[in-house]
Amino acid sequence: MRAARWWVLMACMPLPALAHEGAAHGDTATASVPGEAWHVLSATGEVFEVVLKHPEHSEAAKTPVRLWVADVETNEPVSSAHLELTLTGSTVQTLAPKLESPGVYVADAELLPGAELAAVVTVTRGNDLDVLALGTVHLSSEHDSTDAGPGLRRPLGWSATGGIVLLLVAGAWWMNRHKKVRP
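So in my numbering, spot 83 of the sequence shown is number 337, and the numbers just go up one at a time.
Shown next as structure tokens:
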């Protein structure tokens, strides 16, 4: 009976994912900074689908804005397009994003904390043209630690989790120690 409990406990523990060689998985993905949050806007037109991402917070004068462009019918990345991103607020910025990788375009925008800008992207490829309204682009005025994203990022979260685990282990030990012996 005691061995069965250990097997159940061990089965609940996470196992590492083991890597193997010989499979082509494409380029290595770029890692993002833990806790870094992104605003995501998207729009779908007749020919193209565009997703825009930018960080929630930036301390630099220019903020990187990434655009993913895909063909609506095939969902394949579009690398041969010309993009024009217009950000309209108290000022108007017209940006020409550059191709970073297949289907991914990057531009540096002047985003002031607290300012809201309407984002419109024009995508042209040959005779195909889409003008897509993406929504509102903005930076949060200050970094809010309560909006850090998923996971336990603060000591209080780790302390609470540790306390719960400790209570569960102590309760299991106490129940095992004080169980009645059946004849």
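Backbone N, C-alpha and C fix where the C-beta goes; we use that ideal spot for every residue, glycine too.
Lys307 and Asn381 have their C-alpha atoms spaced approximately 27 Å apart. In the structure shown, Val301 falls within a coil segment according to DSSP collapsed to helix, strand and coil. The shortest C-alpha to C-alpha distance from Arg320 to any of Leu386, Arg431, Val304 is the one to Val304. Boundaries of the beta strand (DSSP E) around Lys352: 352-355. Counting only runs of 3+ residues, the beta strand (DSSP E) found wholly inside the region 304-333 occupies 317-325, in chain order. In the DSSP annotation of this structure, the continuous segment of the beta strand (DSSP E) that includes His392 starts and ends at 382-392. Ala350 counts as exposed, since fewer than 16 other C-beta atoms from the protein chains shown sit within 10 angstroms of its C-beta.
Taking the Cβ atoms as the reference, Val323 lies roughly 5 Å from Gly357, within the contact range of under 8 Å.
Apart from the 5 residues on each side of it in sequence, Glu354 sits with its Cβ closer than 8 Å to the Cβ of Arg320, Val360 in its chain, given in chain order.
When DSSP reads this structure, Val377 sits in a beta bridge with Leu337, Asp384. With three or more CB-CB distances shorter than 8 Å, the region 386-396 counts as touching the region 364-375. Taking 9 Å as the cut-off, the Cβ atoms of Leu339 and Ala315 do not count as close. Collapsing the DSSP output to three states places Thr342 in a strand.
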